[in-house]
Amino acid sequence: MDSDITEMIKHLNELEIRCVTDIDDDSKLPVYVKQLLLMFIGVSALQQFVKANVSGPNVEDSNDYTLFASALPDDVTHDDVIQLLSKNGEFPHMNVAQIKLLFLSHMFLSCIPPSEDVCLTHGWWLLRCLLMYQNIMPDKIFSLCDEMKALMKQIIEMPWINGKDHPAAQLIYYIECAQMHLYYDEINLAKNYVTTALSLVGLDIELSGAYGKRTQFQNKAVAQLLVKLKRNGNEIPEVCMDPMNQSDFPADIHLQDDTLLNKVSFVDGEDYQLEHLQPQEQLVLLAYCLLVRKREAFGELLHEEVMTYINCMLSQPKIWSIYMKTLVMRCKLEKNSSRRVERSLMQLEAVINAIKKNETSFSVRETMLYAAGLPMIWSLEKDLADIWMILGGTKSALAIYEKLKLWENIVQCYIQLGRTSCAEKLIREQLTIKETPLLWCLLGDVLDDPEMYEKGDSLACGTNARCLRSLGYYYFKRKDYEKSLPFFQKSLKINSLQFNVCASLGFASLQCKNFSMATWAYRQAVTLDDDNFEAWNNLSNAFIHLKQKDCAWRSLKEALKCNYEEWHVWENFFLVSIDVAAFEDAIRAWHRLLDIKKKFYDPLALKILVQAINNNVKDMYELPASRYRKQVLQLLGRLSSMVTADYVFWEAYASLLCPDPTQEQNLDILCRAVAYQQKAILYASQVEKLDRNVEVFELTMQMVSRLCDLSLVYIERLEEPAKSQQKSAFKLTVSSVLLKVRRYLNECHENHSFDAEKVFNDVVTKVTLVHEGISLF
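Numbering (full-length UniProt numbering), first residue to last: 1 to 777.
What follows is the structure, given as structure tokens:
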């Protein structure tokens, strides 16, 4: 143990060595030395914990470490430490090895008050310790998140981070901060750190295309994604590290498939070989890949993009931690592919075996380890069991789950095997050994009994978020939304970083018409996962009920960024855009709906849009709506092939094409407007109950009156015989309609809110002006 600590202290950052020369006040020197010793002990304990749980090789029993043995009383057990490390009602995973080391590391690194801290890297090591602390918890802990953010704020203000003396330390620190923000789904904050790291190494990352083949029987090469890196000439920061041997790395298992190639075969392979990548560039490329994976809605195209970055990094293995992380990422991406899932299983087994082997020294493994964000060993073993479940090897998965004591997964396996009684028996046996809130919740899941959740909640004294959300979901599944609300609220009060609970609270609040609560819940949800289009869409729904349509419109814009193909969101966005006078967005949404659904038509929205343009109302940007006339005409031209027999459409088309016939100089436009208006009247005359419906009567009279206005101007500009032909067409159009209306006036005894007879006579007068001597009756 003593030699291990000496080795680790030797590898601590050179910044601390330089710090001694920077201290001007001799009185600070003893304080600095004392803090440095405390930090060395805390860091040594942390490194040993990381060896035991993340990187390997195996660590001996912590009781053998004389330096740490005296720090805790002899009667402090593993369970006691788990209790001490509990946060917000959550307990660390049972599979954590040497958990006392993490507790001691946190204790030593936390004992230095921020106001008295003179060690340059103390805050950084404490940040790493807190991230390990979070990684052993089953859920995201908001209090740890707040602690890490406060630490980052302190560190970023230090001169050595802002200066140019330690670029390598800056680079690794920025990537570790990005990893922390990605863990909590804070995409924009992570993006800032990754962008800074890219500029620090002078690297621009972009995707290009090249012709290549993906399958063994492919005759024609097609475009394939390719990573292109551009260097701007910056000097790359050098990181001190031990020399590495490629034999220390686990094998990259080839894809044994009868169709797919192991990797894309480019037509001009030599031309597309990637330049030599420095380790620092690989680290930044890894962080960029993780950011891309998180910040966009995951689909087939994004899957290909991420795999392109992964294959790029695997082609040049240099850093053990980066190589292992990249292999793990590929395993997780390939587990849902029927042709790649077996490779995913074998590769993950190889990674786990490599971590557990003792051949590769920790000094090789620890390089950039925290920045790479390698998962815990037992987390990888759980992923291995999950892949067995995908392959149908439920018993193999069950064996791994039992070894890891993952009771929740064990219960799921038993249920899938149809052995619910075995699941109940197992949980009751564990409850006789030791009662925990989780076990009571699992028993409640098996028995579907809320009393079990209540026992777990009582055991945790109301501080366990799992028990409360389980009670909430019990009532939620039964559509008793009113009862579920308080449990979801209490669970979020304990741990606010629960996306699914936020979304469920929002939905339940909508059903209970508690729109203020729904707005709050969905806002929390999109804060935790701003790529979830359903949460953004539901948030807009809550805003609409609160009459906050501008907020609803902005929420839907965010939803569309997450899912550009969902027609439900586009339809909602279209309707809200009409309501808030965002006419340009409404037109764009209508076109997009036609692209997706092939057919979409809303007559009411069309009337609003056309009236806004003809009346030149102001849009939401205080710009005149008449500027959109050309765009809407293009849209109507596209619609005309699919909306053939709707009088509202043709009336709108005619009025938009020629709003004022007296001002129109183009005879062709007048001709089209007259034709469209005639179509509108023709289809209106075929509407059922035309001769008995007041609204249809009034609308029909308006259309005939407008046709008269158009025809008067149009016919005056025609010469014979076109003039006579147009008059005959006009007579044919209006005669049958006016006959029906006349019949309606003679037979209807309803009291109208307007003088129907006068309206009819005025229209007849206009008709006579167009065609003198016309015989209508």
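Heads up, the beta-carbon is just placed ideally off N, CA and C, and yes, glycines get one too.
Same chain, Cβ closer than 7 Å to residue i, five either side skipped, listed in chain order
i: Pro138; result: Glu90 and His93
i: Val341; result: Glu334, Lys335, Ile387, Ile390 and Leu391
i: Cys551; result: Phe543
i: Val737; result: Ile681, Ser685, Thr700 and Val704
Short Cβ contact (9 Å threshold) for residue i with residue j
i: Ser685; j: Lys740; result: yes
i: Ile161; j: Tyr173; result: yes
i: Gln280; j: Ala168; result: yes
i: Asp457; j: Leu439; result: no
i: Val96; j: Leu369; result: no
i: Ala654; j: Ala680; result: yes
i: Met313; j: Cys331; result: no
i: Val632; j: Tyr601; result: no
i: Leu226; j: Ser208; result: yes
i: Val576; j: Leu556; result: yes
i: Asn58; j: Phe142; result: no
i: Leu732; j: Leu670; result: no
i: Gln678; j: Ala722; result: no
i: Leu510; j: Asn532; result: no
Option in the options with minimal Cα separation from residue i
i: Leu604; options: Gln48, Asp579, Lys382 and Gln548; result: Asp579
i: Leu120; options: Asp75, Gln170, Ser86 and Lys140; result: Gln170
i: Asn514; options: Glu482, Lys561 and Lys230; result: Glu482
i: Asp529; options: Glu147, Asp185, Cys145 and Ala52; result: Asp185
i: Val446; options: Arg419, Val648, Gln216 and Tyr211; result: Arg419
i: Asp585; options: Tyr628, Asn563 and Gln611; result: Tyr628
i: Ala652; options: Val201, Leu593, Phe697 and Leu707; result: Leu707
i: Gln224; options: Asn88, Ile205, Met307 and Glu147; result: Met307
i: Tyr564; options: Glu720, Leu718, Asp595 and Asp668; result: Asp595
i: Ser55; options: Asp248, Pro113 and Glu206; result: Asp248
i: Tyr676; options: Cys111, Trp650 and Asn409; result: Trp650
i: Leu102; options: Asn135, Pro73 and Cys658; result: Asn135
i: residue 784; options: Asn500, Lys477, Val222 and Trp553; result: Since the displayed the chain opens at 1 and closes at 777, residue 784 lies outside it and no answer follows.
i: Ala367; options: Ile322, Asp480, Asp252 and Val674; result: This sequence places Thr at residue 367; Ala is not what is there. Minimum Cα distance to Thr367 is reached at Ile322.
i: Tyr473; options: Ala460, Leu261 and Ala503; result: Ala503
i: Leu277; options: Gln412, Gln316, Arg295 and Ile253; result: Gln316
i: Lys100; options: His181, Pro113 and Pro73; result: Pro73
i: Leu327; options: Val764, Phe574 and Leu380; result: Leu380
C-alpha gap between residue i and residue j, whole angstroms
i: residue 778; j: Gln524; result: The requested residue 778 is not part of the displayed model; the chain covers only 1 to 777.
i: Lys403; j: Ile352; result: 15 Å
i: Arg638; j: Ile613; result: 18 Å
i: Gly462; j: Leu468; result: 8 Å
i: Asp257; j: Ser421; result: 40 Å
i: Leu229; j: Leu285; result: 10 Å
i: Lys382; j: Ala52; result: 17 Å
i: Thr394; j: Ala385; result: 8 Å
i: Met376; j: Lys325; result: 11 Å
i: Asp79; j: Cys177; result: 31 Å
i: Gln416; j: Glu424; result: 14 Å
i: Met703; j: Asp646; result: 13 Å
i: Thr21; j: Lys140; result: Since pLDDT at Thr21 reaches only 44, below the 50 mark, its modelled position is unreliable, and the value read off the structure follows with that caveat. Roughly 41 Å separates the two Cα atoms.
i: Asn666; j: Ala673; result: 11 Å
i: Glu300; j: Ser337; result: 11 Å
i: Leu151; j: Leu127; result: 7 Å
i: Gln48; j: Asn409; result: 29 Å
i: Arg717; j: Lys727; result: 13 Å
i: Ala190; j: Ala287; result: 9 Å
Cβ neighbours of residue i in the same chain (closer than 6 Å, five flanking residues each side left out)
i: Ser105; result: Gly42, Ala45, Leu46 and Cys129
i: Glu558; result: Trp536
i: Arg339; result: Asp257 and Leu260
i: Ala354; result: Pro250
Residues sharing a beta bridge with residue i, DSSP
i: Gly209; result: Leu225
i: Arg231; result: Leu203
i: Ser491; result: Paired residue(s): none; Ser491 is not in a bridge.
i: Glu651; result: Bridge partners of Glu651: none, in fact.
i: Pro624; result: Lys618
i: Ser504; result: Answer is none; Ser504 lacks a bridge partner.
i: Met277; result: A small fix is needed here, since residue 277 is Leu in this sequence, not Met. None; Leu277 has no bridge partner.
Neighbourhood of residue i by C-beta distance below 8 Å, restricted to the same chain and skipping five residues each side
i: Asp26; result: Any reading at Asp26 must be qualified, since the residue scores a pLDDT of 49, below 50, and its modelled position is unreliable; no value is offered.
i: His591; result: Leu635 and Arg638
i: residue 791; result: Lying outside 1 to 777, the shown extent of the chain, residue 791 is not represented and no answer is given.
i: Ile310; result: Cys289, Thr326, Met329, Arg330 and Leu333
Any non-hydrogen atom of the ligand GDP closer than 8 Å to residue i Cβ
i: Leu36; result: The ligand GDP is absent from the structure shown, which contains no ligands of any kind.
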